[in-house]
Amino acid sequence: MTAGAEDRPEQGGGRGGALGTPALAAAALTGVVALYIALVAFGNITDFDTNRQFVRHVLAMDTTFQDDDLMWRAVTSRALQDTAYICIIAWETVAAAVLVTGTVWWCAALRRGHGFGRARRASTVGLVMLLLLFGGGFIGVGGEWFAMWQSKNWNGLDAATRVVTLCGISLLVVHLPFSARRSSRTNAPS
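Below, the structure written as structure tokens:
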């Protein structure tokens, strides 16, 4: 089966020809995000209570301005708060596994010179999962719906923005076009 243009790396294809290519950058960024989110998930599992308190305070809105027009949104049930936190950890864990898989597939594709499409798809799934969690969940729902921006003590918007930025940049690099063209030296007339 012949690899399509999407499946071939830019310049040099094959073994060892990936230095300085978008494919190597995509592999590196996918690996960095995979490491980061795996450590976040591991920390949330092994030090469960620290971020559970964060989630509880954000959902309870107990450190916001206490505006009566907003406080009806508060979730004060410990069971619901803990369920939300467990769902966050599960989502982070799955995203980490998908990104680790994507990283392994990038490395294999760089070594073999094909298989980049599969690595790109896995990276995309993992990165979009994190954009949904940190952008939609923490910035959108936590920051706006639960007014996390009002809290001096339990405000994770800066951290969430860093993750969204890293994932957004990574997603752009993952989707840079790979071309089958060779270096200009190879294409020069003899």
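Read in order, the letters of the sequence shown correspond to residues 3 to 192 in our numbering. Even glycine gets a Cβ: it sits at the ideal position worked out from N, Cα and C. All values derive from a computational prediction rather than experimental measurement.
{"Asked": "Tell me which same chain residues have a C-beta within less than 7 Å of the C-beta of residue 105, skipping the five on either side of it?", "Found": "29, 32, 33, 36"}
{"Asked": "Is residue 179 near the ligand NAP - that is, is its Cβ less than 7 Å away from at least one heavy atom of it?", "Found": "Because no ligand of any kind appears in the structure shown, any question about the ligand NAP cannot be addressed here."}
{"Asked": "Between the beta-carbon of residue 101 and the beta-carbon of residue 137, is there less than 8 Å?", "Found": "no"}
{"Asked": "Here's the rule I'm using: 16 or more other beta-carbon atoms within 10 Å means buried, otherwise exposed. How should residue 47 be labelled?", "Found": "exposed"}
{"Asked": "Among 82, 45, 21, which one has its Cα closest to the Cα of residue 60?", "Found": "82"}
{"Asked": "DSSP state of residue 63, grouped into three classes?", "Found": "coil"}
{"Asked": "Can you find the residues in the same chain that come closer than 6 Å, C-beta to C-beta, to residue 62, ignoring five residues on each side of it along the sequence?", "Found": "76, 78"}
{"Asked": "Spatial neighbours of residue 148 within its chain, please: C-beta separation below 7 Å, excluding the five flanking residues on both sides.", "Found": "60, 61, 63, 75"}
{"Asked": "Helix, strand or coil: how does DSSP classify residue 78 here?", "Found": "coil"}
{"Asked": "Would you tell me roughly how many angstroms separate the C-alpha atoms of residue 111 and residue 51, rounded to the nearest one?", "Found": "40 Å"}
{"Asked": "Within the continuous alpha helix (DSSP H) that includes residue 28, where are the two ends?", "Found": "24–48"}
{"Asked": "Identify, in the order they occur along the chain, each residue of the same chain with its Cβ nearer than 8 Å to the Cβ of residue 86, setting aside the five sequence neighbours on each side.", "Found": "57, 61, 77"}
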